[in-house]
Amino acid sequence: MTRGMGSADGPEDIDAAFAEIVAGLKRESDAVPSWPQDEQADAERGGQRARRAEREERPAREKHVEPEPAPEPTPPPVEPVPDEGHFEPPEPPPLPRLRRSTIGALVMFAVGLILLVVPGVIGLTRQVGLPLGLLIISGGVGWLVYRMRQGPPPDSGWHDGAQI
């Protein structure tokens, strides 16, 4: 938005337009009383009138005595519910046996960790043990991921478990 030096929308014109808008809003709002002050004044005037009218209407009251509340009936004694025993979950199924390839991948992972932490146990320096350990750990993790099951277990049947 580029405007020339002789533009009519200078800061003075914007301020004047804003002042004109605000003045128009003030003129429109003169008919509407300001809310918190007028409401409090009306409440005070109305409260004074109501008190005066109440004093004129009612004669002196006798002292009001509240009756004693009726005694609450005692409930019949509750008999304890007999214990039905607590829930005992069934035995969990046994863990599946590890396959040879899984055991091999776990051994690779362990050897890689040993090479990372203490390569001197095998007689290697840190410069050789670090990259070799990282490669062996990566190979073990990769082998575990490669051997993961892709589908449902073989004994699950034809259905996918959805029920209608």
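Numbering (this note's numbering), first residue to last: -12 to 151.
Don't be surprised by glycine CBs; every beta carbon is placed ideally from N, CA and C.
* To do: Inspect the CB distances between the region 54 to 61 and the region 104 to 114 and report whether three or more fall short of 8 angstroms.
  => The region 54 to 61 is not in contact with the region 104 to 114.
* **Endpoints, alpha helix (DSSP H) assigned at Leu131** => Unbroken alpha helix (DSSP H) run through Leu131: Arg113 to Tyr133.
* **Cβ contact check for the region 119 to 132 and the region 75 to 86: 3 or more pairs under 8 angstroms** => Segment contact: the region 119 to 132 against the region 75 to 86, fewer than three CB-CB distances shorter than 8 angstroms; contact not assigned.
* When the distance is taken between beta carbons, is Leu102 closer than 8 angstroms to Gly116? -> In this structure, Gly116 places its C-beta atom within 8 angstroms of the C-beta atom of Leu102.
* Tell whether a beta-carbon distance below 8 angstroms holds between Gly127 and Phe96. => Yes. Within cutoff.
* Asked: If we ignore side chains and look at the alpha-carbon of each, how far apart do Pro56 and Phe74 end up?
  -> Near 47 angstroms, if we compare the C-alpha coordinates of Phe74 and Pro56.
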